[in-house]
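Here's the structure, in structure tokens; my notes come after.
Protein chains: 4
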Amino acid sequence: MTDYAAILETIYADVQPLLVQGKVASYIPQLSEVDAAQFGMAVYCLDGRTYSVGAAGQKFSLQSVTKLFSLALAFSLEGDAIWSRVGREPSGSAFNSLVQLEYEQGKPRNPFINAGALVMTDILSSRSTASDTAILQFAREICDRQDIEFDLAVAQSEHGTAHRNYAIAHLMKDFGNLHNSVETVIDSYCRQCSITMTCTELAKAGSFLANHGTIPWSERQVLDASSSKRLNALMLTCGTYDAAGEFAYRVGLPAKSGVGGGILALVPGEMAIAVWSPGLDETGNSLAGTYALERFTSLTVRSIF
Amino acid sequence: MTDYAAILETIYADVQPLLVQGKVASYIPQLSEVDAAQFGMAVYCLDGRTYSVGAAGQKFSLQSVTKLFSLALAFSLEGDAIWSRVGREPSGSAFNSLVQLEYEQGKPRNPFINAGALVMTDILSSRSTASDTAILQFAREICDRQDIEFDLAVAQSEHGTAHRNYAIAHLMKDFGNLHNSVETVIDSYCRQCSITMTCTELAKAGSFLANHGTIPWSERQVLDASSSKRLNALMLTCGTYDAAGEFAYRVGLPAKSGVGGGILALVPGEMAIAVWSPGLDETGNSLAGTYALERFTSLTVRSIF
Amino acid sequence: MTDYAAILETIYADVQPLLVQGKVASYIPQLSEVDAAQFGMAVYCLDGRTYSVGAAGQKFSLQSVTKLFSLALAFSLEGDAIWSRVGREPSGSAFNSLVQLEYEQGKPRNPFINAGALVMTDILSSRSTASDTAILQFAREICDRQDIEFDLAVAQSEHGTAHRNYAIAHLMKDFGNLHNSVETVIDSYCRQCSITMTCTELAKAGSFLANHGTIPWSERQVLDASSSKRLNALMLTCGTYDAAGEFAYRVGLPAKSGVGGGILALVPGEMAIAVWSPGLDETGNSLAGTYALERFTSLTVRSIF
Amino acid sequence: MTDYAAILETIYADVQPLLVQGKVASYIPQLSEVDAAQFGMAVYCLDGRTYSVGAAGQKFSLQSVTKLFSLALAFSLEGDAIWSRVGREPSGSAFNSLVQLEYEQGKPRNPFINAGALVMTDILSSRSTASDTAILQFAREICDRQDIEFDLAVAQSEHGTAHRNYAIAHLMKDFGNLHNSVETVIDSYCRQCSITMTCTELAKAGSFLANHGTIPWSERQVLDASSSKRLNALMLTCGTYDAAGEFAYRVGLPAKSGVGGGILALVPGEMAIAVWSPGLDETGNSLAGTYALERFTSLTVRSIF
């Protein structure tokens with residue numbers, strides 16, 4: 004039987020030299036103050052066993068990892084109707100570019116670029132006056148902790164520099180692909196991005212996607228098995244910005260990353276893995292976190308390929 | 004135990020209404036004359052069992068499926084050095100577009116768009132005066148048949164309308180990313196694209212990639228397990244033109260398609276599947292073939308996700 | 004001596020069949036209600052003689068023609084400093100596209116596309132809390148009428164559908180090329196666009212640019228001769244959206260058009276010409292208006308070329 | 004009366020400090036060997052007077068200046084039919100970019116970018132088996148010298164590095180906008196580009212365009228007045244690569260430049276001016292040459308604006 008505890012310790016030792024090489028996200032003032040030289044990792048097996056190493060109990064800003072939550076929630080509520088408003092293809096350009104969005108008439112390439120996540124938020128805002136609260140409740144449910152919260156200082160910090168997201172939202176509004184006000188959608192988006200979790204919590208939060216759409220402990224089916232499988236496919240092809248191909252090549256697991264330095268990865272049918280290290284590589288993904296996952300799949304022989 | 008024979012029969016019945024909906028590739032004169040309403044499918048299990056249905060014994064033009072052969076051969080010979088000349092990211096645009104190639108200074112996004120495949124051919128041409136023969140020999144080895152051949156009429160037909168590939172090759176030459184003459188590379192490329200196989204042969208040809216890089220019957224290791232896994236990841240993220248995300252979403256298997264209507268898909272560790280139906284959807288992938296694979300993963304519960 | 008009155012009558016007769024062919028701008032609700040089948044034209048010679056025909060006394064919405072006013076005012080106040088924030092090249096794409104703006108890091112190609120005009124407004128807003136009033140005062144001075152006004156219903160109508168301009172402004176804000184708030188700049192921009200004039204007034208308003216930068220009747224030098232000449236050059240290369248080349252080819256005069264159907268054209272050293280017909284061609288320029296100017300240069304042999 | 008001789012002497016003195024600042028074109032081997040610190044200028048007045056200064060009698064490679072000759076010749080032979088195959092708008096991107104050409108389905112933006120010039124050559128090749136000879140004969144006629152020649156060493160040098168032009172030609176061939184073989188068109192194109200003239204000869208060669216389309220000494224009408232006016236407009240909006248707006252702003256005359264360092268400019272109805280200095284600015288136009296023309300229009304007050 005695989006000794007995950009030992010493997011995590013090995014990885015922890017291996018990543019140490021990398022912790023000084025990444026750069027923390029600079030465009031959100033609050034995030035730019037985080038110390039890059041931190042690393043945590045946690046594994047949540049579907050049988051309930053959990054393993055962790057390093058700063059796995061330290062809260063961090065989920066940022067784009069929450070795009071997975073808003074997508075899963077919108078998909079569970081609206082089903083395939085969401086695909087009339089967002090595509091399922093890799094973008095081939097930066098996560099916040101407007102070029103492709105203009106060429107493709109305001110329909111984002113996928114739900115994991117900013118434009119696509121704003122559309123998910125818009126869909127949720129059309130169902131509820133407080134889409135941010137709905138997403139927070141969902142986040143609490145899937146990681147089984149009622150004390151998960153927004154970090155309002157981060158939300159405010161992001162809101163103050165959200166000019167590009169405003170540009171994206173207005174462009175989609177111009178094309179008719181945003182039904183609520185730009186302000187409403189951006190507000191909710193900045194708040195959901197600010198949700199904080201620890202690695203241990205995040206691994207647990209991802210477990211329903213490793214478990215064919217059903218939360219392991221409550222047995223509530225969030226998504227049917229087919230939909231869950233499809234979300235995994237989307238994570239693999241589009242979950243790590245414009246480095247999804249490289250990530251799939253190196254790691255070989257469905258994953259979603261955030262500029263806070265977190266990455267959630269899945270071994271379908273077996274486990275969810277969360278890793279956090281705030282130093283980013285040039286593609287905006289956690290440098291040490293990506294390497295840690297690459298080592299994990301090598302040491303456990305757990306790629307999907 | 005899964006009854007693959009019955010499953011293939013079910014799929015064969017299911018695809019019948021779709022056979023009239025696709026359109027055969029029109030830009031290569033020879034291919035445009037093929038009857039769209041044909042369908043064949045074959046499964047090659049790593050234990051040697053094989054299953055097939057329909058026109059699985061009918062030869063067809065592999066076209067872009069051969070990009071997998073030239074990549075595997077170049078990768079096996081040159082190792083990671085090939086990645087200095089071609090990327091590993093989805094392209095986000097058509098398989099024969101020049102836009103991204105110009106922005107990215109002549110380095111193709113991945114080895115499965117035409118530009119990337121031309122670079123693989125160029126690499127092989129630098130090793131051998133007859134790169135087309137080298138690829139043909141490789142194709143013969145991996146499907147264990149010495150009678151695999153080019154279809155020279157198709158090669159010539161394609162060569163005569165290869166203006167866009169010439170444009171791509173010259174643009175890369177301008178950027179210094181083509182070391183042999185444009186004529187040499189295009190010649191070899193058109194010939195390799197013209198290789199014909201049956202579904203039964205193609206499924207067998209893909210089996211080494213399902214088998215961690217080793218040819219099952221000869222036990223020759225073409226690629227090590229890690230490299231084979233990585234090729235699978237590339238197939239999933241980039242193997243079906245600008246519909247890779249959609250294909251992963253629907254089918255959930257690594258695959259490589261061609262405009263001849265063939266698709267090779269892999270269930271890592273278990274089997275290779277080949278399907279052929281010449282009617283294409285608007286993304287250039289076999290319409291009935293994609294649906295057949297989607298049905299296959301549903302009926303066998305064999306997605307990687 | 005050229006009989007301008009007779010020439011205008013000839014043109015008036017010639018354009019009648021065209022009046023039903025153009026389409027009024029549809030994206031601003033208030034403008035979409037205007038009757039397309041109207042035509043007016045006025046000539047203001049630098050010696051004070053004026054000629055007019057048709058609906059030359061009818062007020063219309065100047066829209067993008069006012070980009071010329073904000074540019075001239077900003078240029079007169081700030082001099083060459085404005086060119087650090089806006090370019091002088093034709094854009095090669097639509098007047099409200101974001102693609103080039105993103106590639107060129109938030110620096111608009113020229114002051115006559117929306118992005119560039121927003122930068123001019125931003126510059127004026129940095130000098131004055133009411134840049135819209137400053138532009139209105141300037142408009143009043145150059146056409147020598149104190150009763151020139153905003154059309155607030157049009158301004159409000161435009162503001163309500165200004166999503167794309169908001170997107171452009173936020174994108175420039177993101178790149179640091181907007182110093183005031185997006186709201187401030189868009190407000191002022193929508194108001195200045197709503198200024199109404201008659202053809203007679205507009206021709207007079209343009210006369211300082213035909214007169215080497217000096218208002219003929221007051222002899223106030225708005226721009227020195229060299230700067231005036233340079234603005235004329237900008238009008239010729241960039242003044243009629245993505246049809247500037249076609250316009251120069253057909254008409255051969257510096258001109259600025261607006262989606263309200265107005266066009267101001269200049270014969271340097273001789274006269275300013277205003278034409279109005281609300282039916283637009285597919286490039287967003289007045290269909291009958293462009294034709295009228297083409298006829299005018301033919302009949303008077305007054306091209307600059 | 005303007006003392007052109009004195010003005011040219013003044014300019015000659017003024018440009019001296021600039022001669023070391025430009026860089027000679029490096030992509031054509033033969034051109035890269037030219038000494039940058041050279042300068043010549045010549046004026047041909049329509050009454051036959053000529054003025055010159057510096058190295059005005061030195062032959063240089065006309066390169067893209069010859070695009071004017073192929074356009075004028077094709078236009079004189081085919082009339083407006085040429086505009087079905089090439090546009091009249093500035094390109095907004097580099098002279099040899101493929102991006103816009105692909106978006107616009109193989110129709111070049113204007114006849115002065117490489118793609119457009121290749122179409123002109125194609126048109127002439129469809130009329131004559133030796134389009135290069137036809138252009139050479141035309142060049143000889145318009146400058147009244149039978150000893151004008153190709154520089155075959157330059158032509159060959161250019162041909163050997165013409166990969167990007169091959170890419171452009173093949174892309175147009177793919178779109179059906181090239182009727183002769185790529186080889187035929189590129190051959191002719193490289194030869195016409197290699198034509199050499201002195202400033203004195205080039206100024207004379209341009210005089211028919213300053214003279215409303217009629218060669219002054221022979222009174223042969225190459226183009227009617229209207230067509231000649233239109234070519235002037237095209238030169239102004241598109242004649243100096245992606246710096247046409249800047250050039251119009253600074254110089255204010257229709258002009259065509261080449262990477263050999265030559266520029267031909269026109270004062271309609273008065274004169275043609277040729278300037279040569281091989282050091283280029285970053286937009287590919289002669290650095291000292293552009294400045295010399297700017298000084299010329301200032302000193303003679305001869306802008307068209």
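Protein chains in written order, with this note's numbering: chain U, 4 to 308; chain B, 4 to 308; chain E, 4 to 308; chain L, 4 to 308. Every residue, glycine too, gets a C-beta built ideally from N, C-alpha and C. As the structure is a prediction and not an experimental result, all values here were calculated from the model.
| query | Do you know how far the Cα of A158 of chain L is from the Cα of D17 of chain E? | reply | Translated into the one-based positions of the third sequence, residue 17 of chain E becomes position 14. Translated into the one-based positions of the fourth sequence, residue 158 of chain L becomes position 155. In a straight line, the C-alpha of D17 of chain E is about 51 Å away from that of A158 of chain L.
| task | With a 10 Å radius around its C-beta and 16 neighbouring C-beta atoms as the bar for buried, classify A258 of chain B as buried or exposed. | result | Here residue 258 of chain B refers to the residue found at position 255 of the second sequence. Flag for A258 of chain B reads buried.
| Using a Cβ cut-off of 7 Å, which residues of the region 214-225 of chain L contact any Cβ in chain E, in chain order? | Within the region 214-225 of chain L, no residue has a Cβ that lies closer than 7 Å to any Cβ of chain E.
| query | Could you give the distance in angstroms between the alpha-carbon of I145 of chain U and the alpha-carbon of A59 of chain U? | reply | Within the first sequence, residue 145 of chain U is the residue found at index 142, counting from 1. Within the first sequence, residue 59 of chain U is the residue found at index 56, counting from 1. Straight-line Cα distance between these residues: approximately 18 Å.
| task | Taking only the alpha-carbon atoms, compute the straight-line gap between S131 of chain B and A206 of chain U and give it to the nearest angstrom. | result | Against the second sequence, residue 131 of chain B aligns to sequence position 128. Against the first sequence, residue 206 of chain U aligns to sequence position 203. Taking C-alpha positions only, S131 of chain B is separated from A206 of chain U by approximately 50 Å.
| message | Let's test the definition: count the other Cβ atoms within 10 Å of the Cβ of K26 of chain U and tell me whether it reaches 16, buried, or not, exposed. | response | Sequence index remark: in the first sequence, residue 26 of chain U carries index 23 (1-based). It is exposed - the Cβ of K26 of chain U has fewer than 16 other Cβ atoms within 10 Å.
| query | Quick one: does P93 of chain B have its CB under 9 Å from some CB of chain U? | reply | The sequence position of residue 93 of chain B within the second sequence is 90, counting from 1. Yes, because at least one Cβ of chain U sits closer than 9 Å to the Cβ of P93 of chain B.
| Bridge partners of C241 of chain B, per DSSP? | The residue you call residue 241 of chain B lines up with position 238 of the second sequence. Paired residues: none, contrary to the question.
| query | Within the chosen definition, does the region 161-180 of chain E reach the region 111-127 of chain E through at least 3 CB pairs nearer than 8 Å? | reply | The answer is yes - the region 111-127 of chain E touches the region 161-180 of chain E, with three or more Cβ pairs under 8 Å.
| query | If we call anything under 9 Å between Cβ atoms a contact, is M44 of chain B one with C241 of chain B? | reply | Taking the second sequence and counting its residues from 1, one reaches residue 44 of chain B at position 41. Taking the second sequence and counting its residues from 1, one reaches residue 241 of chain B at position 238. Not closer than 9 Å, so no.
| Anticipated Cβ contact below 8 Å, E105 of chain U with L101 of chain E, distance rounded | Here residue 105 of chain U corresponds to residue number 102 of the first sequence, with the count starting at 1. Here residue 101 of chain E corresponds to residue number 98 of the third sequence, with the count starting at 1. Correct: roughly 5 Å between the Cβ atoms.
| task | Could you work out which residues of chain U lie near K70 of chain E, taking near to mean beta carbons separated by less than 7 Å? | result | As a working mapping, residue 70 of chain E is identified with position 67 in the third sequence. Per Cβ cutoff of 7 Å: no residues; K70 of chain E is ~20 Å from chain U at best.
| field | W220 of chain E to S221 of chain L span [Cα, whole Å] | value | What you label residue 220 of chain E is simply residue 217 of the third sequence in a count that begins at 1. What you label residue 221 of chain L is simply residue 218 of the fourth sequence in a count that begins at 1. Cα to Cα, the separation comes out at about 47 Å.
| task | Starting from the C-beta of G287 of chain L, find all residues in its chain whose C-beta is less than 6 Å away, skip the five residues before and the five after it, and write them out in chain order. | result | Walking along the fourth sequence from the start, residue 287 of chain L turns up at place 284. So the list reads Y244 and V262, once near-sequence residues are dropped.
| query | Counting Cβ pairs closer than 8 Å, one from the region 55-70 of chain E and one from the region 219-239 of chain L, do we hit at least three? | reply | Short answer: they don't touch.
| request: List the endpoints of the continuous alpha helix (DSSP H) containing S260 of chain E. | output: Within the third sequence, the letter at position 257 stands for residue 260 of chain E. Taken as a continuous stretch (DSSP letters only), S260 of chain E belongs to no alpha helix (DSSP H), being part of the beta strand (DSSP E) at A258 to S260.
| query | Which chain E residues sit within Cβ distance under 9 Å of V102 of chain U? | reply | As a first step, residue 102 of chain U is located in the first sequence; it is residue number 99 there, counting from the start. Those within 9 Å of V102 of chain U in chain E are L101, V102, E105 and Y106.
| said: Give me, in chain order, the residues of the same chain whose beta-carbon lies closer than 8 Å to that of Y294 of chain U; leave out the 5 immediate sequence neighbours on both sides. | reply: Position 291 of the first sequence, counting from 1, holds the residue named residue 294 of chain U. Only D17, V18 and L21 meet the Cβ criterion.
| Which chain U residues are close to E285 of chain B, counting only those with a beta carbon under 7 Å from its beta carbon? | The sequence position of residue 285 of chain B within the second sequence is 282, counting from 1. Listed along chain U is no residue with a C-beta nearer than 7 Å to that of E285 of chain B; the closest approach is about 13 Å.
| query | Any idea if D83 of chain E is buried or exposed, counting beta-carbon neighbours within 10 angstroms, 16 or more meaning buried? | reply | Position 80 of the third sequence, counted from the start, is the residue given in the question as residue 83 of chain E. The residue is exposed, with fewer than 16 neighbouring Cβ atoms inside 10 Å.
| request: Would you please verify whether the beta carbon of D177 of chain E is less than 9 Å from any beta carbon of chain U? | output: Position 174 of the third sequence holds residue 177 of chain E. Yes, contact with chain U.
| query | Who does K26 of chain U pair with in a DSSP beta bridge? | reply | Against the first sequence, residue 26 of chain U aligns to sequence position 23. Paired residues: U:L283.
| Got a sec: which bits of the region 157-175 of chain B sit with their beta carbon under 7 Å from any beta carbon on chain L, in order along the chain? | H166, R167, Y169, A170, H173 and L174
| message | Determine, for V372 of chain B, whether the minimum Cβ-Cβ distance to residues of chain L falls below 9 Å. | response | Since the first and last residues shown for chain B are 4 and 308, residue 372 of chain B lies out of range.
| Which residues of chain B have a Cβ atom closer than 7 Å to the Cβ of P271 of chain U, listed in chain order? | Residue numbering aside, residue 271 of chain U sits at position 268 when the first sequence is read from its first letter. Chain B residues near P271 of chain U: F308.
| At a CB-CB cut-off below 9 Å, which residues of chain L make contact with Y294 of chain E? | As a working mapping, residue 294 of chain E is identified with position 291 in the third sequence. Under a criterion of Cβ atoms nearer than 9 Å, no residue of chain L is adjacent to Y294 of chain E; the nearest Cβ is some 15 Å distant.
| field | Buried versus exposed, by CB contacts within 10 Å (16 or more), A199 of chain E | value | Residue 199 of chain E sits at position 196 when you count from the first residue of the third sequence. Ala is not the amino acid found at residue 199 of chain E; the sequence shown has Thr there. By the neighbour-count rule (16 or more Cβ atoms within 10 Å), T199 of chain E is buried.
| request: Would you mind stating whether L256 of chain E and R298 of chain E have Cβ atoms separated by less than 9 Å? | output: Along the third sequence, one-based indexing puts residue 256 of chain E at 253. Along the third sequence, one-based indexing puts residue 298 of chain E at 295. Result no, Cβ atoms of L256 of chain E and R298 of chain E do not sit closer than 9 Å.
| query | So, are the CB atoms of G95 of chain L and K110 of chain L less than 9 Å apart? | reply | Indexing the fourth sequence from 1 puts residue 95 of chain L at position 92. Indexing the fourth sequence from 1 puts residue 110 of chain L at position 107. Between G95 of chain L and K110 of chain L, the CB-CB gap reaches or exceeds 9 Å.
| query | Taking C193 of chain B as the reference, which of B:A165, B:S210, B:H215 and B:A208 has the closest Cα? | reply | For the purposes of this step, residue 193 of chain B is taken as residue 190 along the second sequence, with counting starting at 1. Ranked by how close their Cα comes to the Cα of C193 of chain B, the residues B:A165, B:S210, B:H215 and B:A208 have B:A165 in first place.
| task | Apply the 10 Å Cβ neighbour rule to D38 of chain L and answer buried if 16 or more other Cβ atoms are within range, or exposed otherwise. | result | Sequence index remark: in the fourth sequence, residue 38 of chain L carries index 35 (1-based). D38 of chain L comes out exposed.
| query | Can you find a C-beta in chain L that's less than 9 Å from the C-beta of A236 of chain E? | reply | Residue mapping note: residue 236 of chain E aligns to position 233 of the third sequence, counting from 1. Yes, A236 of chain E lies at the interface with chain L (some Cβ there is under 9 Å from its Cβ).
| Within 10 angstroms of its Cβ, does H11 of chain B collect 16 or more other Cβ (buried), or is it exposed? | In the second sequence, residue 11 of chain B corresponds to position 8, counting from 1. Going by the sequence as given, residue 11 of chain B is Leu instead of His. It counts as buried.
| said: Can you confirm whether P281 of chain L, when its beta carbon is compared against all beta carbons of chain E, has any partner nearer than 9 Å? | reply: Taking the fourth sequence and counting its residues from 1, one reaches residue 281 of chain L at position 278. Output row for P281 of chain L: interface = no.
| said: Taking 8 Å as the limit between beta carbons, can you name the residues of its chain near L269 of chain U, skipping five residues before and five after? | reply: Taking the first sequence and counting its residues from 1, one reaches residue 269 of chain U at position 266. Counting only Cβ-Cβ distances below 8 Å, and skipping sequence neighbours, we find G209, L212, A213, N235, M238, L256, P257, A258, A275 and I276.
| task | Report the neighbours of Y244 of chain E on chain L: residues whose CB is nearer than 9 Å to its CB, in chain order. | result | For the purposes of this step, residue 244 of chain E is taken as the residue at position 241 of the third sequence. In chain order: nothing, as chain L lies at least about 10 Å away.
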